[in-house]
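What follows is a single structure, written as structure tokens, with notes after it.
Numbering (full-length UniProt numbering), first residue to last: 1 to 572.
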């Protein structure tokens, strides 16, 4: 059953094994009624009926958690008997359904690690969160509709969405709710622990079901918005040993990759739009560094030109979601899966040019570099899925194109760490005088990236005020070093690095950290790792591998069964 939950085993194989096992047990005089029920699902000649019977039996045997799955009307695209758009009752788990189940069965996943019998602890935790969050978003409706004594009853949460790739590379939209303070407490962020203990599935929609003009997105988000609006104003009441408590839920962020955030929030901004950034209206976004025009940025101006489309997204109905700043910038997509891959590949080739890996052709130098890299990976006990350093791995056929490192975001971080340690152990005197600037810039950028991420991972939800300036210095150093290195490579006619809009978005993360401590009464800044999508990518991958290519509605139903089976085993 565990293999079936993870997508490694099919329903047919599980049923066949159950039939064989139950027969052998009966011969020994032992009966397992659970195995027999599963085995009887195979008393049909058609495989599709076998799968249907098995999924039905799984639900009957209560092998999934009893969270309520609502059927809501969504505008979707179907292809049979002909291509058209229809309103279909689609399975969705709302936030109120998850909260109702979790607070009754395992409240620690909602209350930051505390139970309903610990009201003083979780009230103090949430009250402290909203007191500190006021320096992040002073316009949040929590401060208008709730007295400070009631802040301890408001649970902060966010919504994540992204497309995964299932079997046959079929895109599958996966959305999930996430509580900002995880089950491990505010000394950790949601990147700690199992991804199924911090992300709670909402729906799964195959890409071939998307209706035109994002109608499917709008219908789904309308359901989410109405439910969450009610949770904010009316809340949910639960009984405990000390009486009854009413919990409210405050929206703090929309997460995910850029295409999802742009569609979900209804943003007119985009990397190919006339206005690129939804935080600011800076036309010259390519001017980077702490002394660029971004240095004067003082947070989203709600009275200035806003980045919304004319047609309002339903998500903006959620209290607190009408501020562009809640469309969070993800460090993983921005650096590790963005311009950090450009830096890793470009820096390696630049180091080859200045003779860091001996003589010969570029492919020969890259082979030597990879041999040293694998030796370091083994010694440092790191993990990396990159099999070689070559132009193919850098996604180019020649040096006439900009290289980009292949692999996952984690591989990019590992390569940056190795480059930093490699150059720290080397001497710049071994490099020719004219090329030492390349050595210095690569080392500066890699050191800044490692210092920035290492500093963020040391902290939980909140970063103490004294640690923020050091982190900001590292953060600015990443983009400043990257820009200077790109300019130095251009002067040498090396086509290695290009400036991307993601560099500008990365600087907003650093600038927001600075803004949070400009007020002398602010003693903490919220950790950008609260919005990072490392664990979300892991969650998306696990769910996408579970899905099977059948009728689109069947994909959603059966994926829900497998996912809820996994939740029951893990949350138990």
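All C-beta atoms in this analysis are idealised placements derived from N, C-alpha and C, irrespective of residue type, glycine included. Note that the structure is predicted; figures quoted are calculated from it, not measured.
Inter-residue distance for residue 543 and residue 385 is about 21 Å (C-alpha atoms, whole angstroms). DSSP places residue 135 in the coil class of the three-state scheme, outside both helix and strand. Following the DSSP letters along the chain, one finds residue 250 in no alpha helix (DSSP H) but inside the beta strand (DSSP E) bounded by residues 243-256. In this structure, DSSP gives residue 362 a helical state, which the three-state scheme calls helix. Per the Cβ contact rule, the stretch 340-351 is in contact with the stretch 361-372 (3 or more Cβ pairs under 8 Å). Taking the Cα positions, residue 411 is about 23 Å away from residue 171. For the set 312, 494, 466, the Cα lying nearest the Cα of residue 435 is the one of 494. Spatial neighbours of residue 453 in its own chain (CB-CB distance under 7 Å, excluding positions within 5 residues in sequence) are listed in chain order as 413. Between residue 568 and residue 63 a beta carbon distance of about 7 Å is seen, short of the 8 Å cut, so the two are scored as contacting. Scanning the stretch 262-291 for uninterrupted alpha helix (DSSP H) segments of 4 residues or longer gives nothing; none is fully contained.
Using a Cβ-Cβ distance cut-off of 8 Å, the stretch 329-344 and the stretch 518-534 are in contact, since at least three pairs of beta carbons, one from each stretch, lie closer than that value.
Pairing residue 516 with residue 314, the inter-Cα distance amounts to about 29 Å. The criterion of a C-beta distance shorter than 8 Å is not satisfied by residue 159 and residue 204. Short of 7 Å from the beta carbon of residue 519, and not among the five residues preceding or following it, lie these beta carbons of its own chain, in chain order: 135.
Taken in chain order, the whole alpha helix (DSSP H) runs of length 4 or more contained in the stretch 16-103 are 33-40, 47-60. The Cβ atoms of residue 391 and residue 442 lie no closer than 8 Å to each other. Taking 8 Å as the upper bound for CB-CB distance, residue 191 and residue 529 are in contact here, some 6 Å apart. Of the candidates 311, 461, 337, the residue whose Cα lies closest to the Cα of residue 408 is 337. The criterion of a C-beta distance shorter than 8 Å is satisfied by residue 125 and residue 112.
Residue 202 places its beta carbon 8 Å or farther from that of residue 83. When the Cα atoms are used, residue 37 and residue 57 turn out to be separated by approximately 7 Å. Residue state for residue 414 is assigned as helix, using DSSP reduced to three classes.
Proximity of the stretch 275-295 to the stretch 497-514 meets the contact definition, three or more beta-carbon pairs being nearer than 8 Å. The straight-line gap separating the alpha-carbon atoms of residue 208 and residue 257 is approximately 19 Å. Short of 8 Å from the beta carbon of residue 508, and not among the five residues preceding or following it, lie these beta carbons of its own chain, in chain order: 277, 279, 280, 294, 297, 329.
Annotation for residue 216: 74, 75, 76, 205, 209, 210 place their beta carbon closer than 7 Å to its own, counting only its chain and skipping 5 residues before and after. With a beta-carbon spacing of about 7 Å, residue 133 and residue 526 fall inside the 8 Å limit used to define contacts. The alpha-carbon separation between residue 265 and residue 308 amounts to approximately 8 Å. Residue 122 sits buried, since 16 or more C-beta atoms from the chains shown fall within 10 Å of its C-beta. Cβ neighbours of residue 263 within its own chain (closer than 6 Å, five residues either side excluded): 214, 217.
The three-state secondary structure of residue 464, taken from DSSP, is strand. Secondary structure of residue 524 (DSSP, three-state): strand. Under DSSP, residue 178 takes part in a beta bridge, and its partners are 158, 199. Contact annotation, residue 343 with residue 513: C-beta distance approximately 21 Å; criterion of less than 8 Å not satisfied. Residue 223 and residue 229 have their C-alpha atoms spaced approximately 10 Å apart. Between residue 70 and residue 100, the gap from beta carbon to beta carbon reaches 8 Å or more.
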